[in-house]
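In our numbering, the protein residues as written are -9 to 128. Idealized CB from N, CA, C, for every residue including glycine. Owing to the predicted nature of the structure, the values given are computational and were not obtained by experimental measurement. Contents: one structure, followed by commentary.
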């Protein structure tokens, strides 16, 4: 029997959407206000889902304090940072939410016990969320 557990985490970060493959006019047209030279910020909500068999001793997939600490350690890498300027992963990538969620997946996958990470949902605004992960639990 596999069980899934989802927890929510909030963090803030700044970024600028700007593609080195586009000219200035195209960047402004595509990214609009998100192309502001000074960047802009978001208050993100990240939903992290793990899936696995409960441990026979604890009855849990993963103890909540361990789950929280692993996620917070990853979030702290981008919390209150200008992602483009301060996070090495984004030195050669556009800091879209699509790439941010992929970065979070890669980092969490390294941090959490093997094969537990199942799904991420990243809320960038009240209207936009992005999902990344494995297929639905069965």
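Legend entry - CA-to-CA distance, residue 84 to residue 64, given in whole angstroms: Against the chain shown, residue 64 aligns to sequence position 74. Against the chain shown, residue 84 aligns to sequence position 94. Each residue's alpha carbon lies about 19 Å from the other.
Legend entry - Inter-residue spacing [alpha-carbon to alpha-carbon] between residue 98 and residue 107: On the chain shown, residue 98 is found 108 positions in, with the first residue counted as 1. On the chain shown, residue 107 is found 117 positions in, with the first residue counted as 1. Between residue 98 and residue 107, the C-alpha separation is close to 7 Å.
Inset, instruction - Quick one: grab the DSSP three-state call for residue -2. - result: Locating residue -2 in the chain shown gives position 8, where the first residue counts as 1. Here residue -2 sits in strand by DSSP.
Inset, instruction - Starting from residue 88, follow the beta strand (DSSP E) in both directions and report where the run begins and ends. - result: Sequence index remark: in the chain shown, residue 88 carries index 98 (1-based). Looking at the DSSP string, residue 88 is not in any beta strand (DSSP E); the run it does join, the alpha helix (DSSP H), is 87 to 101.
Legend entry - First and last residue of the uninterrupted beta strand (DSSP E) at residue 40: Here residue 40 refers to the residue found at position 50 of the chain shown. Run containing residue 40: 30 to 42, per the beta strand (DSSP E) assignment.
Inset, instruction - Compare the beta carbon distance of residue 119 and residue 110 with 8 Å and say whether it is the shorter of the two. - result: In the chain shown, residue 119 corresponds to position 129, counting from 1. In the chain shown, residue 110 corresponds to position 120, counting from 1. No, these two residues do not count as a Cβ contact at 8 Å.
Legend entry - Contact between the stretch 50 to 69 and the stretch 9 to 17 (3+ Cβ pairs under 8 Å): no
Inset, instruction - Kindly indicate which residue of 25, -9 and 68 has the alpha-carbon position closest to the one of residue 9. - result: Start at 1 with the first residue of the chain shown, and residue 9 comes out as number 19. The shortest Cα separation from residue 9 among 25, -9 and 68 belongs to 25.
Legend entry - Extent of the continuous beta strand (DSSP E) run through residue 57: Translated into the one-based positions of the chain shown, residue 57 becomes position 67. Unbroken run through residue 57 is the alpha helix (DSSP H), 54 to 65; no beta strand (DSSP E).
Inset, instruction - Have a look at residue 55 and residue 19 and give me their C-alpha separation to the nearest angstrom. - result: Here residue 55 is taken as the residue at index 65 of the chain shown, counted from 1. Here residue 19 is taken as the residue at index 29 of the chain shown, counted from 1. Straight-line Cα distance between these residues: approximately 45 Å.
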